[in-house]
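Here's the structure, in structure tokens; my notes come after.
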Amino acid sequence: MAIWGHTADGTAVPIYTLTSGQVEVRVMAWGAKLVSVRTPDRTGKVADIVLGYNSLQDYLNDTKTYFGSVVGRYGNRIAHGKFSLDGKTYQIPLNNGANALHGGPKGFDQYVWQSKEVPGGVEFTHVSPDGDMGFPGTLTAHVKYTLTGNTLRIDYSATTDKDTVLNLTNHAYYNLNGDDQGTVLNLKLQLDADKFTPIDSGLIPTGELAPVAGTPLDFRKPETIGARIDDANEQMKLAGGYDFNYVVNGAPGTLRPAATVVDPENGRKMTVETTQPGIQFYSGNFLDGTFTGRYGIKYTKHKGFCLETQVFPDSPNHPNFPSAELKPGQTFHSTTTITFSVVK
2 MAIWGHTADG TAVPIYTLTS GQVEVRVMAW GAKLVSVRTP DRTGKVADIV
52 LGYNSLQDYL NDTKTYFGSV VGRYGNRIAH GKFSLDGKTY QIPLNNGANA
102 LHGGPKGFDQ YVWQSKEVPG GVEFTHVSPD GDMGFPGTLT AHVKYTLTGN
152 TLRIDYSATT DKDTVLNLTN HAYYNLNGDD QGTVLNLKLQ LDADKFTPID
202 SGLIPTGELA PVAGTPLDFR KPETIGARID DANEQMKLAG GYDFNYVVNG
252 APGTLRPAAT VVDPENGRKM TVETTQPGIQ FYSGNFLDGT FTGRYGIKYT
302 KHKGFCLETQ VFPDSPNHPN FPSAELKPGQ TFHSTTTITF SVVK
């Protein structure tokens, strides 16, 4: 552990380096962020495959991309920032057009979390007070990163003192080429999902669960990310690329395969498993060159992809979606694992 810097109010921000001999991972207390993942390719060349910055100040200056952040209290979008719970309507401040995104204007990504070392990793804790960004209940959230061999495990847990809604996920952007190399359009993606949640023009789910078959959203077999990204499909046009929640096959609550990404050129591979019902695949459509990364490369469109394991977007407004509710006396828990390997 080292102190990486301080926020504007003088709060120290620790950063932790986890090493296993195969993978090196860095995480920090500001936003419980995943700062870097260094892994070898098939020739043994090590590169950073997570988009990010060299300094804490660069992260503090970027309130737009959510690089590496744990987002909450509700990751992804809530339509019009509104939902009802126990007969009462709650309003989250809007920060994404007509909607609330990733918990509103000051989400969990913009706090220094408490941190402590645990076997194999670090655990971050954040207490969100009742009424924070309009959400009910004092929520205590824990995010634990542990590294074993070539697998990074992220365990999320939370408790509340009032009925509330919750969707915690990690918003890291990956590029298996290395974060200073090209776009992600050459990478091959497989998603263990037969269905997705179609969106409207505000990127809000319509409530339908639609088959991916016959659409450019079908990644049930490995497909190159860029091959169909400009397809005339109406959903693709609405999202401006890929920005969709996929319904992960299998039983929610069990750790099961969700996604695999391979770089056919250098052999790097990452495999994502989750207990969550959904995974958001985002192809970095809104990266626009505003921010410059750790190697002096501008982060432009499609420089990174996200695979955010989650409850579905806008679940509080869709009774047919998996519930995002958490009640006093319950403990929310989810696990995501990301395994980094090489295809020879």
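Following the numbering used here, the numbering of the sequence shown begins with 2 at its first residue and continues without gaps. Just so it is clear, CB atoms sit at the ideal spot from N, CA and C, and this is done for glycine as well.
Asked                                                                                                                                                                                 : Found
What do you get for Ser-85, buried or exposed, if any count of 16 or more other CB atoms within 10 angstroms of its CB means buried?                                                  : exposed
Taking the alpha-carbon positions, what's the Asp-201 to Thr-207 distance?                                                                                                            : 6 Å
Could you say if the segment 262-273 and the segment 288-295 meet the contact criterion of at least three C-beta pairs nearer than 8 Å?                                               : no
Where does Gly-6 sit, in a helix, a strand or coil, going by DSSP?                                                                                                                    : strand
Could you please give the first and the last residue of the uninterrupted beta strand (DSSP E) stretch that includes Gln-281?                                                         : 279-283
For the segment 70-80 against the segment 311-325, do three or more pairs of beta-carbon atoms, one drawn from each stretch, fall closer than 8 Å, so that the two count as touching? : yes
Taking the straight line between their C-alpha atoms, what separation do you get for Asp-59 and Tyr-67?                                                                               : 12 Å
Grab me the residues of Thr-198's own chain with a C-beta within less than 6 Å of its C-beta, minus the 5 sequence neighbours each way, in chain order.                               : Pro-206, Asn-246 and Phe-313
Measuring alpha carbon to alpha carbon, tell me which residue in Asn-321, Asn-176, Val-26 and Gly-297 is nearest Gly-150.                                                             : Val-26
Check each candidate in Leu-57, Leu-188 and Pro-323 and name the one with the smallest Cα separation from Ile-4.                                                                      : Leu-57
Buried or exposed, going by whether 16 or more other CB atoms sit within 10 Å of the CB of Lys-46?                                                                                    : exposed
Three or more C-beta pairs under 8 Å: does that hold for the segment 18-34 against the segment 101-120?                                                                               : yes
With a threshold of 16 other CB atoms inside 10 Å of the CB of Gly-132, please say whether the residue is buried or exposed.                                                          : exposed
Roughly how many angstroms separate the alpha carbons of Asp-180 and Ala-48, rounded to a whole number?                                                                               : 8 Å
Threshold first: 4 residues or longer. Then list the alpha helix (DSSP H) segments lying entirely within the segment 221-298, N to C.                                                 : 235-240
So, Thr-141 versus Gly-121, is the Cβ gap smaller than 8 Å?                                                                                                                           : no
In whole angstroms, what is the alpha-carbon distance linking Ser-324 and Ser-37?                                                                                                     : 32 Å
Distance check for Pro-320 and Thr-20, CA to CA, integer angstroms please.                                                                                                            : 43 Å
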